[in-house]
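Mind the numbering: the sequence shown is residues 16 to 437 in our numbering, read in order. C-beta: ideal position from N, C-alpha, C; glycine also. Since the model is a prediction, treat every value here as computed from it, not as a measurement.
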Amino acid sequence: MAAEKTTAGSGPLEGAHGFLLKGGKVFVDDGFIDADILIEGGKIKAIGPNLQAPSFYRVLKCDDRTVSPGFIDIHCHGAVGRDMMDGCDAIEAIGRFKAREGTTGFIPTILTNPIERMRWAAIQAKISMSLPVTGARALGVHIEGPFVAPHHKGAMPEQDILLPNLYEMQLFLTELGDAVRMVTIAPELPGAESIIRLLAKKNIVVCAGHTGCDYTRMLQAINWGVTGLAHTFNAMSGIHHREPGLIAAALDDDRVYMDFICDLIHVHEWILKFFIKAKGPDKCILITDAISAAGMPEGEYTLGGQYVRVAGREPRLIDGTLSGSVLTMIRGVRNLAEKVGLGLPVALKIASANPAKLLGIFDRKGSLAAGKDADICVLDSRLRVAHTFVEGNLVYEAGVTEEIRPITDQTRSSEGKGGEIQ
């Protein structure tokens with residue numbers, strides 16, 4: 016993509032009051048059109064052919080490029096050696112990395128830990144929502160646990176798992192207000208119903224996850240207010256021909272979105288293809304569930320105070336349990352489009368419009384239309400991210416933006432053990 020050179024830094028790239036993207040294949044209404052995009056004041060001002068801009072606007076030639084809505088990751092724990100539980104600086108660094116993968120918005124996910132540490136981390140995530148744009152924007156807080164089923168804990172520290180407690184949840188809501196966008200809970204646990212009903216009343220997305228919930232209870236939970244299934248197939252009871260389970264209940268109900276870790280490790284590509292077709296692509300969401308090892312060499316890391324070893328793109332606890340992923344959103348899009356065989360339009364929708372609709376922010380994010388936030392990623396012919404805009408700010412430009420990766424004991428110990436995990 017031809018463009019004038021800019022100076023790299025930790026914030027948005029400078030040099031223009033607005034931008035004109037010329038000649039791209041723009042993803043609009045589930046398909047591609049040849050059009051230009053005019054960005055002004057943080058918004059998409061216009062989409063159409065032969066657009067003009069003032070001479071002081073920066074023009075980016077997007078010939079043979081795909082111009083897509085920015086991706087939204089609703090379930091992620093870290094990247095570049097940083098963890099969402101480590102505070103605002105870590106979340107900001109993770110956001111800068113995520114912009115490199117085409118992500119323009121994400122929901123910092125608070126892992127089950129001692130309840131006071133969870134509360135502190137959630138408050139830090141709330142603060143990060145109002146920081147100046149330097150990368151992908153934190154759009155809210157996702158509280159994953161601590162009210163989950165021990166038998167389906169996955170990588171959750173078992174000693175920190177609690178039975179549902181309405182008082183503790185109300186404390187989260189009092190301290191965080193409308194920053195809470197998602198909560199993952201096991202609906203079969205005693206006391207879960209009152210929490211689900213409370214959250215649904217406040218328009219907070221409730222996901223069933225880390226759960227042994229059966230078919231009948233899941234139907235009840237959907238009526239209480241559950242509208243999401245967290246990392247479908249992972250850390251939950253499965254499907255059986257005599258006990259269809261919660262996955263079948265979610266599959267059959269249009270009120271429920273199903274999200275998937277599309278690294279082709281957590282879920283086989285054929286299963287992804289079958290279930291996305293069966294559910295319908297309008298109700299499926301791509302997530303990363305990425306941990307601090309994303310964007311880092313293979314080696315040793317931690318998640319929620321637990322030792323994690325990453326080898327062959329697989330993060331695992333000592334007992335062999337998968338513990339999140341090292342997936343990036345752009346790799347997930349490529350997996351869905353090419354390896355799963357859904358095609359690029361479906362993959363882009365699953366990574367952008369669908370999460371925005373689940374979160375209730377589709378009026379301003381998740382698609383390209385005049386008046387919406389200019390959250391845009393530009394992809395080259397090999398589906399690599401060339402440019403990322405967040406609210407009209409150019410926060411990533413391939414070959415120009417420098418991402419400063421922290422040097423840690425983990426990176427030192429993993430030198431020579433493989434390249435960066437993308």
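Looking at the backbone, the Cα of E116 and that of P123 are separated by about 16 Å. Straight through space, the alpha carbons of T242 and D193 are spaced by roughly 18 Å.
I89 sits in a strand when the DSSP states are folded into three classes. In chain order, T127, G160, P161, V163, P165, K168 place their CB closer than 7 Å to the CB of I176, counting only its own chain and leaving out the 5 sequence neighbours on each side. By a beta-carbon distance limit of 8 Å, G381 does not contact N218. Their separation comes to about 17 Å.
The alpha-carbon separation between A236 and G347 amounts to approximately 29 Å.
Check the Cα spacing between L394 and each of K40, H32, G33, W239: the tightest is with K40. F34 is positioned such that its CB atom lies closer than 9 Å to that of A389. Here M99 carries a helix assignment [DSSP, helix/strand/coil]. As the crow flies, the alpha-carbon of D229 is around 19 Å from that of R212.
Excluding five sequence positions before and after K288, the CB atoms of its chain that fall closer than 8 Å to its own CB belong to V355, G356, L357, given in chain order.
Rounded to whole angstroms, E315 and P202 show a C-alpha spacing of 34 Å. Residue state for S252 is assigned as coil, using DSSP reduced to three classes. In the structure shown, the three-state DSSP call for A352 is helix. As computed with DSSP, E315 is found in a beta bridge with R324. Within the DSSP secondary-structure output, M144 pairs in no beta bridge. Close CB contacts of A94 within its chain, under the 7 Å cut and outside five residues either way in sequence, are with I109, F112, K113, A305, S307, A309, G310 (chain order). Just so you know, the alpha carbons of Y322 and I130 end up roughly 20 Å apart. For the options I262, V220, N238, the alpha carbon positioned closest to that of E208 is the one of N238. Contact annotation, N369 with D268: C-beta distance approximately 16 Å; criterion of less than 8 Å not satisfied. Residues C103, I106, A153 of the same chain have their beta carbon placed closer than 6 Å to that of S143, with the five preceding and five following residues left out of the count.
H225 and L146 have their C-alpha atoms roughly 32 Å apart.
Taking C-beta atoms under 8 Å as the contact rule, H281 and S340 qualify, at a distance of about 7 Å. Under the three-state reduction of DSSP output, D79 falls in the coil class, being neither helix nor strand.
Taken atom to atom, the span from the alpha-carbon of G155 to that of I276 is near 20 Å. Secondary structure at A94: strand, using DSSP grouped into helix, strand and coil.
If you compare the alpha carbons of E313, T303, D274 with that of G295, the shortest gap goes to D274. Between the C-alpha atoms of E173 and L244 there is a straight-line separation of about 21 Å. The straight-line gap separating the alpha-carbon atoms of L301 and T119 is approximately 14 Å. Each residue's CA atom was taken as its position, placing F47 and D79 some 12 Å apart. If you draw a straight line from the Cα of N249 to the Cα of Q67, it comes to about 49 Å. The alpha-carbon of A362 is positioned some 15 Å away from that of V400. Classified as exposed, N65 has fewer than 16 neighbouring CB atoms from the shown chains inside 10 Å of its CB.
G335 counts as exposed, since fewer than 16 other C-beta atoms from the protein chains shown sit within 10 angstroms of its C-beta.
Between the beta-carbon of F86 and that of C299 there is about 14 Å, and that puts the pair past the 8 Å contact cut.
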